[in-house]
Amino acid sequence: MSTSTEQFADVSATTLLRFATAGSVDDGKSTLVGRLLHDSKSVLTDQLEAVEHASRSRGQEAPDLALLTDGLRAEREQGITIDVAYRYFATARRRFILADTPGHVQYTRNMVTGASTAELAVVLVDARNGVVEQTRRHAAVAALLRVPHVVLAVNKMDLVDYAEPVFAAIAEEFTAYASELGVPEITAIPISALAGDNVVEPSANMDWYGGPTVLEHLETVPVSHDLTSCHARFPVQYVIRPQTAEHPDYRGYAGQIAAGAFRVGEQVTVLPSGKTSTISAIDALGEPVDIAWAPQSVTIRLADDIDISRGDLLAPAADAPATSQDVEATVCHVADQPLTVGQRVLLKHTTRTVKAIVKEIPSRLTLDDLSQHPEPGRLVANDIGRVKVRTAEPLALDAYADSRRTGSFLLIDPADGTTLAAGMAGESFATAKAVATTDDEEGWDF
Numbered sequence: 036m037s038t039s040t041e042q043f044a045d046v047s048a049t050t051l052l053r054f055a056t057a058g059s060v061d062d063g064k065s066t067l068v069g070r071l072l073h074d075s076k077s078v079l080t081d082q083l084e085a086v087e088h089a090s091r092s093r094g095q096e097a098p099d100l101a102l103l104t105d106g107l108r109a110e111r112e113q114g115i116t117i118d119v120a121y122r123y124f125a126t127a128r129r130r131f132i133l134a135d136t137p138g139h140v141q142y143t144r145n146m147v148t149g150a151s152t153a154e155l156a157v158v159l160v161d162a163r164n165g166v167v168e169q170t171r172r173h174a175a176v177a178a179l180l181r182v183p184h185v186v187l188a189v190n191k192m193d194l195v196d197y198a199e200p201v202f203a204a205i206a207e208e209f210t211a212y213a214s215e216l217g218v219p220e221i222t223a224i225p226i227s228a229l230a231g232d233n234v235v236e237p238s239a240n241m242d243w244y245g246g247p248t249v250l251e252h253l254e255t256v257p258v259s260h261d262l263t264s265c266h267a268r269f270p271v272q273y274v275i276r277p278q279t280a281e282h283p284d285y286r287g288y289a290g291q292i293a294a295g296a297f298r299v300g301e302q303v304t305v306l307p308s309g310k311t312s313t314i315s316a317i318d319a320l321g322e323p324v325d326i327a328w329a330p331q332s333v334t335i336r337l338a339d340d341i342d343i344s345r346g347d348l349l350a351p352a353a354d355a356p357a358t359s360q361d362v363e364a365t366v367c368h369v370a371d372q373p374l375t376v377g378q379r380v381l382l383k384h385t386t387r388t389v390k391a392i393v394k395e396i397p398s399r400l401t402l403d404d405l406s407q408h409p410e411p412g413r414l415v416a417n418d419i420g421r422v423k424v425r426t427a428e429p430l431a432l433d434a435y436a437d438s439r440r441t442g443s444f445l446l447i448d449p450a451d452g453t454t455l456a457a458g459m460a461g462e463s464f465a466t467a468k469a470v471a472t473t474d475d476e477e478g479w480d481f
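Residue numbering for the sequence shown follows my numbering, beginning at 36 and increasing consecutively.
Written out as structure tokens, the structure is:
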């Protein structure tokens with residue numbers, strides 16, 4: 036193994052950063068990730084030897100570092116990224132989980148998957164091509180998913196003679212676009228992933244740039260994992276009822292705390308029924324505890340016998356979300372078949388799945404100028420649009436801006452289980468303006 040023992044010393048004391056790479060085709064995402072892994076000495080010796088062998092078989096003298104993440108055979112043969120590749124590495128300052136996402140338009144759905152849990156997104160741009168449609172699409176997806184930090188990596192600076200004006204023009208255009216989407220923080224870095232400029236080590240070819248390298252920024256960007264400050268939510272995953280001689284009356288509700296904290300003695304509301312009770316006990320890893328917080332998996336016991344099943348949600352009585360059968364949200368359509376008005380779907384929210392109907396598609400986002408195309412009637416693969424959905428049963432959704440865990444949902448094809456769209460409840464972007472629509476309740480059968 037080529038990684039030094041000092042590098043992983045006391046990694047338990049370091050913070051964790053989840054980040055995703057995105058960008059258009061051949062912008063160099065996989066090469067950047069490979070360069071990060073290689074230059075930070077996070078590559079096993081046998082992995083590097085396999086990459087060198089594969090590169091030589093393709094007639095390349097130097098190892099193709101993109102092969103460190105392009106693990107599928109089809110990816111290696113075509114020289115493209117098809118699926119999300121997750122890699123785990125660490126430096127002395129921080130641990131990382133990275134998702135290398137595809138650049139092709141038809142694989143935008145994979146970028147949604149990779150960025151859904153990311154605290155930072157690295158959007159690559161080819162310095163020769165500048166900001167293109169797929170760059171804007173990925174910026175929009177990052178904004179919709181409320182990724183708090185975005186890095187613009189202007190790659191292949193070696194092919195434009197490391198010219199500062201080229202970098203400045205691209206950075207200005209992208210920053211203006213992303214800021215209009217409501218992205219809170221944008222950091223632009225000129226790099227050459229192939230040559231290693233400003234990836235791990237500062238570039239000697241761009242003395243006009245005085246900012247951090249990519250790795251330095253990844254190591255120092257502030258990351259908050261304090262889910263305890265969010266609205267407390269506990270989706271019930273399983274009801275534990277042993278009915279044994281040792282535990283004749285045990286009734287516990289097991290699951291993972293999505294956000295916030297729960298305490299013994301706290302009054303909670305069960306949704307969607309609206310019934311209230313008091314937490315009598317919390318069991319974590321088989322032991323009683325007085326308090327539990329996200330993202331712990333626990334079993335909660337209540338003082339009263341209430342009809343609770345999988346899909347119900349526990350929340351503090353003083354801070355319970357409103358329930359509704361009408362969901363208005365922004366969705367990224369990820370299926371090959373279109374999403375149409377009047378279509379019957381399943382809506383999966385946390386551990387709850389209910390029947391639903393697409394009531395209206397008020398608008399589709401036009402990526403060029405961020406305008407809304409009204410009443411498109413349908414969304415096709417990779418479209419981003421607003422939808423109104425009517426559910427058969429009430430749901431307790433938070434706004435996605437308040438909670439990425441309990442403000443998100445999936446629309447599923449009930450015929451074959453295909454995921455149709457990933458949805459974010461509430462406003463689209465931080466600076467979004469509501470689209471005027473009519474509210475017609477006619478034609479619903481539930």
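Beta carbons: idealized from backbone N, C-alpha and C, even for Gly. Quick caveat, the model's predicted, so the values are computed rather than measured.
- Just measuring C-alpha positions, the residue of Ala431, Val160, Leu400 and Arg425 sitting nearest Phe464 is Leu400.
- Judged by pairs of C-beta atoms under 8 Å, the region 438-452 does not touch the region 412-420, as fewer than three such pairs exist.
- With a cutoff of 9 Å on beta-carbon distance, Ala296 and Ala150 are scored as not near each other.
- In this structure, Ile221 places its C-beta atom within 9 Å of the C-beta atom of Thr210.
- The C-beta separation of His384 from Leu455 comes to about 14 Å, leaving the pair out of contact by the 8 Å criterion.
- Taken through DSSP and simplified to helix, strand or coil, Met241 comes out as coil.
- Residue range Thr50 to Gly58 is occupied by the beta strand (DSSP E) that includes Phe54.
- Between the region 298-309 and the region 333-351 there are three or more C-beta pairs closer than 8 Å, enough to call the two in contact.
- Exclusion of the five residues before and after Ala230 leaves Asp193 as the residues of its chain whose Cβ lies within less than 7 Å of its Cβ.
- Take the alpha-carbon of Thr279 and the one of Cys367: they are about 47 Å apart.
- Secondary structure in the region 197-234: the alpha helix (DSSP H) runs of 4 residues or longer, each lying completely within the stretch, are 199-216 in chain order.
- In the three-state reduction of the DSSP assignment, Asn145 falls in the helix class, which pools H, G and I.
- Burial is judged here by how many other beta carbons sit within 10 angstroms of a residue's own beta carbon; Gly377 has fewer than 16 and is exposed.
- Around the C-beta of Ser65, 16 or more other C-beta atoms lie within 10 Å, and the residue is accordingly described as buried.
- Residue range Arg129 to Asp135 is occupied by the beta strand (DSSP E) that includes Leu133, with no alpha helix (DSSP H) assigned at that position.
- For Glu363, no alpha helix (DSSP H) run applies; the uninterrupted beta strand (DSSP E) run containing it begins and ends at Ser359 to His368, by DSSP.
- Rounded to whole angstroms, the separation of the alpha carbons of Gly346 and Arg276 is 17 Å.
- By the criterion of a C-beta distance shorter than 8 Å, Ala156 is surrounded in its chain by Phe54, Ala55, Thr56, Ala57, Ala150, His173, Ala177, Val182, His184, Val185 and Val186, once the five residues flanking it on both sides are discounted.
- Glu322 counts as exposed, since fewer than 16 other beta carbons sit within 10 angstroms of its beta carbon.
- Runs of the alpha helix (DSSP H) lying entirely within the region 409-463, each at least 4 residues long, are absent.
- Linking Gly165 to Gly246 through their CA atoms gives a straight-line distance of about 20 Å.
- Sequence-distant partners of Val271 (beyond 5 residues in either direction) whose C-beta falls short of 8 Å from its own C-beta, in its chain, are Tyr288, Ala289, Gly290, Ile343, Ser344, Arg345, Gly346, Asp347, Leu348, Leu349 and Thr386.
- Apart from sequence neighbours up to five positions away, the residues of its chain that approach Val235 with a beta-carbon distance below 8 Å are Arg70, Leu71, Asp74, Ser75, Thr248, Val249 and Leu250, ordered along the chain.
- Cβ-Cβ distances below 7 Å link Glu168 to Leu402 in the same chain, with the five nearest sequence neighbours on each side left out; the list follows chain order.
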